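**Q** Sequential numbering from 15 applies to the sequence shown in our numbering.
The beta-carbon is built from N, C-alpha and C at its ideal position, and this holds for glycine as well.
This one's a predicted model, so the numbers in the text were calculated from it and none came from an experiment.
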Amino acid sequence: METLEIPSFITYAIPAFFLLIGVELSFQWITGRKLYNFRDSIADLSTGVLNRGFTLLYIGFTVAAYSLLFEKLRLVRWDLEDPAQLWMSAILGFLVFDFLYYWAHRMSHEWNVLWAGHVVHHQSEEFNLTVALRQPAFHQLFTWIFFLPLALLGIHPAVLIAIGEISLIYQFWIHTRVIKDLGLLEWILNTPSHHRVHHGRNPEYIDKNHGGTLIIWDRLFGTFAREREEPVYGIVKPFRSYDPLYANLQYWREIVGLMRRASGPLDKLRILFRPPGFEPEHPEKPIVVPSVRPGAQPYRQSTSWARILYVGFWFAVVSGLSLAFLVSESTSVWVLLAVVLWSTLSLVALGQMLSETRRWKQLEAMRLSLTAVLCILLTSSYREWLPEPVGAGLMHVPFFWAVLYAACALGLGWLIGISGRQARQHAEESSAL
Ligand SMILES: [Zn+2]
Ligand SMILES: [Zn+2]
Numbered sequence: 015m016e017t018l019e020i021p022s023f024i025t026y027a028i029p030a031f032f033l034l035i036g037v038e039l040s041f042q043w044i045t046g047r048k049l050y051n052f053r054d055s056i057a058d059l060s061t062g063v064l065n066r067g068f069t070l071l072y073i074g075f076t077v078a079a080y081s082l083l084f085e086k087l088r089l090v091r092w093d094l095e096d097p098a099q100l101w102m103s104a105i106l107g108f109l110v111f112d113f114l115y116y117w118a119h120r121m122s123h124e125w126n127v128l129w130a131g132h133v134v135h136h137q138s139e140e141f142n143l144t145v146a147l148r149q150p151a152f153h154q155l156f157t158w159i160f161f162l163p164l165a166l167l168g169i170h171p172a173v174l175i176a177i178g179e180i181s182l183i184y185q186f187w188i189h190t191r192v193i194k195d196l197g198l199l200e201w202i203l204n205t206p207s208h209h210r211v212h213h214g215r216n217p218e219y220i221d222k223n224h225g226g227t228l229i230i231w232d233r234l235f236g237t238f239a240r241e242r243e244e245p246v247y248g249i250v251k252p253f254r255s256y257d258p259l260y261a262n263l264q265y266w267r268e269i270v271g272l273m274r275r276a277s278g279p280l281d282k283l284r285i286l287f288r289p290p291g292f293e294p295e296h297p298e299k300p301i302v303v304p305s306v307r308p309g310a311q312p313y314r315q316s317t318s319w320a321r322i323l324y325v326g327f328w329f330a331v332v333s334g335l336s337l338a339f340l341v342s343e344s345t346s347v348w349v350l351l352a353v354v355l356w357s358t359l360s361l362v363a364l365g366q367m368l369s370e371t372r373r374w375k376q377l378e379a380m381r382l383s384l385t386a387v388l389c390i391l392l393t394s395s396y397r398e399w400l401p402e403p404v405g406a407g408l409m410h411v412p413f414f415w416a417v418l419y420a421a422c423a424l425g426l427g428w429l430i431g432i433s434g435r436q437a438r439q440h441a442e443e444s445s446a447l
């Protein structure tokens, strides 16, 4: 197979994503219109980090399977040395990709097995640019099959990866309430207005506007809905947790419950291909989406400034360090696995702290201890066994490590303080009884 060097557009787009989030945040401060919620955005970005990590673990398998099909079964052979043919294959590939994306996305709303992954993108009750980065960790394990016809058309795997990244980058900016409508472009392109409808849980907006870059597929196949009133965002059964791993597993638990309720083995299996809201005991019953109160407010809890600073600091460290390794080409599979495990544990602990679950303190203590041990390992023999992450220079600055050690020690001290206070309170209460 011809080798084709195409840069990773996503890697370059990440700084632009954060710049645009900054612009939207400034808009919130200037206008006083509440667009962001700290806990929700941290949860969105945490699922984004998990998405990058887990996808990298299995993307090799999906690319290999696609490449095999491309090698053996392609019906068209493009001369990729010729720039005209390369561009033609890329443009045709993009159009067909967008068409297949529409179906993959539509089925992700209509089949439980695919909704289990895609639901992550829809759990937020906010609508801002951080929601765009709220992406599932395991979804691509299933959806890559939809894109196999591109192999028959001779679309090179590297071209397909580039097309997929461009589509994802396009879909970033449409997650905003700041842009109202785009005039004539609304006829062809998927726009913020169309995508707000897609994220709405108003009955008239459910399962509408599945398009990626183009909206023409929805217009053609009858799933288009115009934005008539501001949608109420989120999913029909509200999801109330900031834990990014639970966000990815929650609907699978629901599927298992539905399968238990179904009678025969075939009906149990069919649950995977039933739409969300299907009840095994009443298969004929139409699915009714509950109405929403216009102007209903999203789930928002206030957070103390100390908690915002604490979680904000650790989120920046965890996501920054993880992404530095994940986007580095020299990262081996073992380091990748270690980074994914550490970042998952860390973001779960921070998410559970924000959700104030019963076990958040134990998890946080575990995370801080593990991070301190990793810091010791990284500072002692870092050069010998670790690949160069992006921004490796920072790892040679002693101050960087000093800050991390201090943060781990202070965090553990804080947790011991809280636990001690609670134990004393508990003892006083039981002696009063
Ligand atoms: Zn969707
Ligand atoms: Zn979206």
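Tell me where the alpha helix (DSSP H) around Asp232 begins and ends.
**A** Looking at the DSSP string, the run of the alpha helix (DSSP H) that includes Asp232 is Ile230 to Phe235.
**Q** Tell me where the alpha helix (DSSP H) around Arg435 begins and ends.
**A** Pro412 to Ala446
**Q** Give me, in chain order, the residues of the same chain whose beta-carbon lies closer than 8 Å to that of Leu350; leave out the 5 immediate sequence neighbours on both sides.
**A** Gly67, Leu70, Leu71, Phe339 and Leu340
**Q** Spatial neighbours of Glu179 within its chain, please: C-beta separation below 6 Å, excluding the five flanking residues on both sides.
**A** Phe23 and Ile24
**Q** Nearest to Arg47 by alpha carbon, out of Pro163, Gln149, Arg120 and Arg191?
**A** Arg191
**Q** With burial defined as no fewer than 16 other Cβ atoms inside 10 Å of the residue's Cβ, what is the status of Gly278: buried or exposed?
**A** Flag for Gly278 reads exposed.
**Q** Looking at Gly226: is its Cβ nearer than 9 Å to the Cβ of His119?
**A** yes
**Q** What's the gap between the Cα of Leu82 and the Cα of Phe161?
**A** 14 Å
**Q** Here's the rule: buried if 16 or more other CB atoms are within 10 angstroms of the residue's CB, otherwise exposed. What is His410?
**A** Exposed.
**Q** To the nearest angstrom, report how far apart Arg267 and Lys222 are at their CA atoms.
**A** Going by the C-alpha atoms only, they are around 26 Å apart.
**Q** Would you kindly check if the distance between the Cβ of Glu218 and the Cβ of Ser207 is under 9 Å?
**A** Not a contact, by the Cβ cut-off of 9 Å.
**Q** Can you tell me whether Asp232 is buried or exposed? The criterion is at least 16 other CB atoms within 10 Å of its CB, across all chains shown.
**A** buried
**Q** Out of Arg240, Ala176, Gly214 and Phe156, state which residue places its alpha-carbon closest to the alpha-carbon of Gly197.
**A** Across the set Arg240, Ala176, Gly214 and Phe156, the C-alpha of Arg240 shows the shortest separation from the C-alpha of Gly197.
**Q** Quick check on Val90: buried or exposed, where buried means 16 or more other Cβ atoms within 10 Å of its Cβ?
**A** Exposed: under 16 other Cβ atoms inside 10 Å.
**Q** Within the continuous alpha helix (DSSP H) that includes Leu359, where are the two ends?
**A** Val347 to Ser369
**Q** Taking the alpha helix (DSSP H) that Pro279 falls in, what are its first and last residues?
**A** Pro279 to Arg284
**Q** Closest by CA to Leu182, which one among Phe156, Gln436 and His135?
**A** Per the Cα distances, His135.
**Q** For the segment 100 to 108 against the segment 256 to 265, do three or more pairs of beta-carbon atoms, one drawn from each stretch, fall closer than 8 Å, so that the two count as touching?
**A** no
**Q** Ordered along the chain, which non-local residues of its own chain (more than five positions away) have a Cβ less than 8 Å from that of Arg460?
**A** No information on residue 460 is available, as it lies outside the stretch 15 to 447 that the chain covers here.
**Q** I'd like to confirm something about Val145: is its beta-carbon nearer than 8 Å to some heavy atom of ligand 2, or not?
**A** yes
**Q** My output table needs one value for Gly36: the three-state DSSP class, helix, strand or coil.
**A** Looking at Gly36 - three-state DSSP - the assignment turns out to be helix.
**Q** Does DSSP put Leu166 in a helix, a strand or coil?
**A** helix
**Q** If I follow the unbroken alpha helix (DSSP H) through Arg275, where does it start and stop?
**A** Pro258 to Arg275
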